[in-house]
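Report on the structure given below.
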Amino acid sequence: MRGRPPPPPAGPPGGPPLELVGVQRRFGDLLAVAGVDLVVEPGELIGLLGRNGAGKSTTMRMCVGLDEPTQGRISILGDSIAAGVARAAVGYCSQHAALYPGYTARRNLEFFGRLYGLRNAEAAAAAERVIGLLGLGPVADRHVSELSGGYERRVHLGAALVHDAPLLVLDEPTAGVDIESKERIANTMRGVADAGAGVLFASHDLSDVERICDRIVILSKGVVKASGTPKQLAGDVAELLRLEMETVADREAVRAELASLHPRVNGRLAVDLTLREGETIAQVLARCEAKGLRPARVHAVAPGLESIFLRVTADDEAGTDAVAD
Amino acid sequence: MLLQTKAVLGHKLRLLSMDLQVAVFIIVMPLVAIVFLADGYAAPRAVAGATGVDQVVPGMATLFGFTIADSVGYAVFREHGWGTWNRLRTTPLATWPLMLGTAAPFVVLGTLQVLLLHAVGYLFLDMQFTGTWAALVVLAITAATTGVALGLLLVAICPSSEQMAGLVSLLAVLLGGIGGALAPTGRMPAALEAVAHLTPQFWVVEGYKDVILGESTVVDVLPNMVAVAAFAAIFFVVAGLAFDRNAEKSL
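For the record, the sequence lines run as chains W and Y.
Going by my numbering, the first sequence opens with residue 91, and the numbers climb by one from there.
Going by my numbering, the second sequence opens with residue 82, and the numbers climb by one from there.
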């Protein structure tokens, strides 16, 4: 092993499923993760959001021992992730499916079960349970190379579930799958959390996150920018103002003139503006007036997760992303 | 840990059994070469009854035996390609059972190749066999282990399987040629003959010839085994030092 640093210290014994304390990860000059503190409690499903390059995948990789923090501590049930006992307590689903294409779905599940110490009969029973849970029955005895992307992702998730881990770390498990598979995966994640496991789930699919997660953590430039339930996050973010214009040209004029309010087209003629902290609707309307913009209608609307996310991560620079994510 | 090691070993054997081209390259190719080349060679040593087949069989077994480095390396690169290498690293599985499970089937395959080629030579091509099969087995195991160690070393230093395959071909032919797998070293220029001792192939092929022509037993081939094992040890140590578990590899 080349230059392997000593394992990070463990947390208190019998700690939460996952605890990150001041975790940093540096790649040369790039500080990909700049100090993340996060606790995943038993039965809690946390959605980890962030633009590409925000440090989500790097954080996930550190949580499962594929990468080591430059600074800080990560513990699983109080043990350092470097310890075998901690690894046994984690079910991991990477961003891209990692399965044996020449094996059937069932054999893949059984093999991964055996890697976590299950005996043959136990692994077979566990695989059967996961097959039922994820609706893999029709394809259980087909080679993974023959499966559709959706089924392949389900098997991939199944390999993380097969040993009944108290912690699941799932990196974009619903990316690129059909609606049925996405629904099945989302419901399974919720069910696993309801059964008592802690689940950390990175995604770009805001609707899934909003629907199933107990808590949302938004990473931006390697730090936690916001954390809480969707309702709590909405409270942290300024109001959303919807302007309905008369023409498309007017709509585009609003986008051009009020760029600082992160205008987003909503339908043919409407534009959503995110008010900055301390900024009132009257002030925004006064700015419109000053620029000759006259909306036909104005609505104050509660911000959805998408608006919250865009606002929280507005400072992120595109382009530095691919390195860290 | 025993359960996991058993699981990995069974898994790797299954993957190997699903990959017929490895067995074709390691076993069928040298068999074909032996059949076609046997009559074209002179006897490697001045032993009564010795013929060209006594050079070709141990020579081809050695030459193709070292290409097992490519097969074991490809097995690791393939895990990277499937994404399962990192997935395995997230399990409680320690590195050593993983490497042992990866290496062991290829040591078995390499040993079987040597035994099969010599058995075919002996039974069907009038190859001499004056020593003991036990000596052949222990030498074959040592040689296969060295080939596997070379494969792991190349995995450690090569970023892609293509680079590794190129290097294995070059090393197998070059070191095999210098080491006497293609022609007896006694017929080479003196300088080259001296260099031959610096290749593992030399000790392997000479050991095989000692077994089939020189009535050698396990004890007799011990010096060859030690020399070959020394190469294996060097390859393993360098592989361990150069191995970066976080390095991304492309298939």
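Heads up, the beta-carbon is just placed ideally off N, CA and C, and yes, glycines get one too.
Measure the C-alpha to C-alpha separation of residue i and residue j and round it to an integer number of angstroms.
{"i": "Y:E160", "j": "Y:T148", "result": "19 Å"}
{"i": "W:R301", "j": "W:R280", "result": "10 Å"}
{"i": "W:G125", "j": "W:C183", "result": "23 Å"}
{"i": "Y:F117", "j": "Y:M141", "result": "12 Å"}
{"i": "Y:M245", "j": "Y:A150", "result": "9 Å"}
{"i": "Y:W163", "j": "W:V259", "result": "19 Å"}
{"i": "W:A178", "j": "Y:G267", "result": "58 Å"}
{"i": "W:K321", "j": "W:C303", "result": "12 Å"}
{"i": "W:E200", "j": "W:G222", "result": "14 Å"}
{"i": "W:A376", "j": "W:T264", "result": "44 Å"}
{"i": "Y:S152", "j": "Y:T223", "result": "17 Å"}
{"i": "Y:L251", "j": "W:G227", "result": "49 Å"}
{"i": "W:S271", "j": "W:A230", "result": "15 Å"}
{"i": "Y:V103", "j": "Y:L190", "result": "9 Å"}
{"i": "Y:G154", "j": "Y:E243", "result": "11 Å"}
{"i": "Y:T172", "j": "W:G288", "result": "18 Å"}
{"i": "Y:W214", "j": "Y:G247", "result": "34 Å"}
{"i": "W:V374", "j": "W:S350", "result": "11 Å"}
{"i": "Y:L279", "j": "Y:D291", "result": "19 Å"}
For residue i, I'd like the list of residues in its chain whose CB is within less than 6 Å of its CB, leaving aside the five on either flank, ordered along the chain.
{"i": "Y:L206", "result": "A119, V134"}
{"i": "W:H294", "result": "none"}
{"i": "W:Q161", "result": "Q114"}
Could you check whether residue j and residue i sit closer than 8 Å to each other, using their CB atoms as the reference points?
{"i": "W:L309", "j": "W:L167", "result": "no"}
{"i": "W:A188", "j": "W:H253", "result": "no"}
{"i": "W:V314", "j": "W:L257", "result": "no"}
{"i": "Y:A313", "j": "Y:T226", "result": "yes"}
{"i": "W:L383", "j": "W:D340", "result": "yes"}
{"i": "W:P159", "j": "W:V130", "result": "no"}
{"i": "W:G239", "j": "W:G266", "result": "yes"}
{"i": "Y:V286", "j": "Y:A262", "result": "yes"}
{"i": "W:D261", "j": "W:M152", "result": "no"}
{"i": "Y:P265", "j": "Y:P139", "result": "no"}
{"i": "Y:P186", "j": "Y:L101", "result": "no"}
{"i": "W:A195", "j": "W:R232", "result": "yes"}
{"i": "Y:V201", "j": "Y:L273", "result": "no"}
Would you list the one or two residues that DSSP bridges to residue i?
{"i": "W:C183", "result": "W:L260"}
{"i": "W:E334", "result": "W:A360, W:R387"}
{"i": "W:E396", "result": "Its beta-bridge partners do not exist; DSSP assigns none."}
{"i": "W:G137", "result": "W:F291, W:I306"}
{"i": "W:V313", "result": "W:S310"}
{"i": "W:T124", "result": "Note that residue 124 of chain W is Ala in the sequence shown here, rather than Thr. Paired residue(s): W:Q114."}
{"i": "W:R354", "result": "W:D362"}
Closer than 7 Å by C-beta to residue i: which residues in its own chain qualify, once you throw out the five before and the five after it? Chain order, please.
{"i": "Y:P240", "result": "K330, S331"}
{"i": "W:L208", "result": "A216, H253"}
{"i": "W:G101", "result": "Reliability of the predicted coordinates at W:G101 is poor, the pLDDT of 49 falling under 50, and the value obtained from them is presented with this limitation in mind. The residues are E109, R163, S165, G168."}
{"i": "Y:P178", "result": "M82, Q85, T86, V89"}
{"i": "W:M91", "result": "Bear in mind that a pLDDT of 37 at W:M91, under 50, signals an unreliable position, so the number given afterwards is only what the model happens to contain. Excluding positions up to five away in sequence, the list is empty."}
Counting only the same chain and skipping the five closest in sequence on each side, list residues whose C-beta sits under 8 Å from that of residue i.
{"i": "Y:A271", "result": "none"}
{"i": "W:R274", "result": "L224, G225, R244"}
{"i": "Y:A323", "result": "L234, A237, I238"}
{"i": "W:R204", "result": "N210, A213"}
{"i": "Y:M110", "result": "F145"}
{"i": "W:E242", "result": "A187, L189, V234"}
{"i": "W:I371", "result": "E329, L331, L365, V388, A390"}
{"i": "W:F399", "result": "L139, L296, I308"}
{"i": "W:T319", "result": "D304, R305, I306"}
{"i": "Y:A308", "result": "P281, W284"}
{"i": "W:G104", "result": "L167, G168"}
{"i": "W:V299", "result": "G137, L139, F291, S293, I306, L395"}
In chain Y, what lies closer than 7 Å to residue i by C-beta?
{"i": "W:F201", "result": "A88, H92"}
{"i": "W:R54", "result": "Summary: the structure shown does not reach residue 54 of chain W, with chain W confined to residues 91 through 415, and so no result is reported for it."}
{"i": "W:V267", "result": "By Cβ distance, chain Y contributes nothing, its closest Cβ being about 16 Å from W:V267, past 7 Å."}
{"i": "W:G281", "result": "Simply none; closest approach about 22 Å."}
Residues of chain Y with CB closer than 9 Å to the CB of residue i, please, in chain order.
{"i": "W:S184", "result": "G164, N167, R168, T171"}
{"i": "W:P191", "result": "W163"}
{"i": "W:A178", "result": "T172, P173"}
Which residues in chain W have a C-beta closer than 8 Å to the C-beta of residue i? List them in chain order.
{"i": "Y:L41", "result": "Not covered by the structure: residue 41 of chain Y. The range shown for chain Y is 82 to 332."}
{"i": "Y:N305", "result": "The premise fails here: Y:N305 is roughly 32 Å from chain W at the closest Cβ pair, so nothing lies under 8 Å."}
Would you mind telling me which residues of chain W sit closer than 9 Å to residue i, beta carbon to beta carbon, in chain order?
{"i": "Y:Q102", "result": "What Y:Q102 touches in chain W: nothing, since even the nearest Cβ is about 13 Å away."}
{"i": "Y:Q85", "result": "R204, L205, Y206, G207"}
Output, in chain order, the set of chain W residues within a Cβ distance shorter than 7 Å of residue i.
{"i": "Y:M99", "result": "G192"}
Which chain Y residues are close to residue i, counting only those with a beta carbon under 8 Å from its beta carbon?
{"i": "W:D254", "result": "In chain order: nothing, as chain Y lies at least about 14 Å away."}
{"i": "W:A33", "result": "Only positions 91 to 415 of chain W appear in this structure, which leaves residue 33 of chain W out of reach."}
{"i": "W:D157", "result": "N327"}
{"i": "W:V154", "result": "T171"}
{"i": "W:A77", "result": "Beyond the ends of chain W as shown, which are 91 and 415, falls residue 77 of chain W; an answer cannot be given."}
Is there a C-beta anywhere in chain A that falls below 8 Å from the one on residue i?
{"i": "W:G118", "result": "Judged by its chain identifiers, the structure shown contains no chain A, and its protein chains are W and Y."}
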